[in-house]
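Enquirer: Got a structure for you, questions after.
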């Protein structure tokens, strides 16, 4: 019920995709959704900052493991610093994850509303008929991985 309402609302923007063949429109939509998310991620993340944060967390972890039986006060302070650094990393990841979930709900609702009755015939015995909704999900993953390499996001 609610997904059909989301899909009808998304029709305001995505309706032009319906004039293309289903396969082409899904390829285009998955490409655009992956591109939007990766560009947002690239804008939010500072690659050097994230590397430095991760490197510092690893250094703290190694130092804590090596010196865990020594000065307890110093180890406690280092653990608190490591927790603060991990929180910074999680906040950055949360921003991208929220956008991904928001766009995913909208696009997945739209795709399942319009293309759930379409199937892709494949030459594989197990996957002889693949629903286009699942094909869209697979395309999003593939485009996300490939474009992240080209855009040097991760």
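Residue numbers (our numbering): 1030 to 1183. The beta-carbon is built from N, C-alpha and C at its ideal position, and this holds for glycine as well.
In terms of alpha-carbon separation, which member of 1175, 1140 and 1135 lies closest to residue 1163?
Expert: In this structure, 1140 is the residue among 1175, 1140 and 1135 with its C-alpha nearest to the C-alpha of residue 1163.
Enquirer: Relative to the alpha-carbon of residue 1082, which residue among 1117, 1058 and 1067 has its alpha-carbon at the smallest distance?
Expert: 1117
Enquirer: From the DSSP output, in three-state form, read off residue 1163 for me.
Expert: helix
Enquirer: Given a threshold of 16 other Cβ atoms within 10 Å of its Cβ, counted over all protein chains shown, does residue 981 qualify as buried or as exposed?
Expert: Outside the modelled stretch of the chain, which goes from 1030 to 1183, sits residue 981, for which no answer is possible.
Enquirer: Flag this pair as yes or no: are the beta carbons of residue 1123 and residue 1085 separated by less than 8 angstroms?
Expert: no
Enquirer: Roughly how many angstroms separate the alpha carbons of residue 1050 and residue 1032, rounded to a whole number?
Expert: 22 angstroms
Enquirer: For the candidate residues 1150, 1136, 1078 and 1167, whose alpha-carbon lies nearest to that of residue 1034?
Expert: 1136
Enquirer: Would residue 1173 be called buried (16 or more neighbouring beta carbons within 10 Å of its own) or exposed?
Expert: Classification of residue 1173: buried, given that the 10 Å Cβ count is 16 or more.
Enquirer: For a quick check, are the C-beta atoms of residue 1131 and residue 1036 less than 8 angstroms apart?
Expert: no
Enquirer: Measuring straight from C-alpha to C-alpha, what distance separates residue 1030 and residue 1111?
Expert: 45 angstroms
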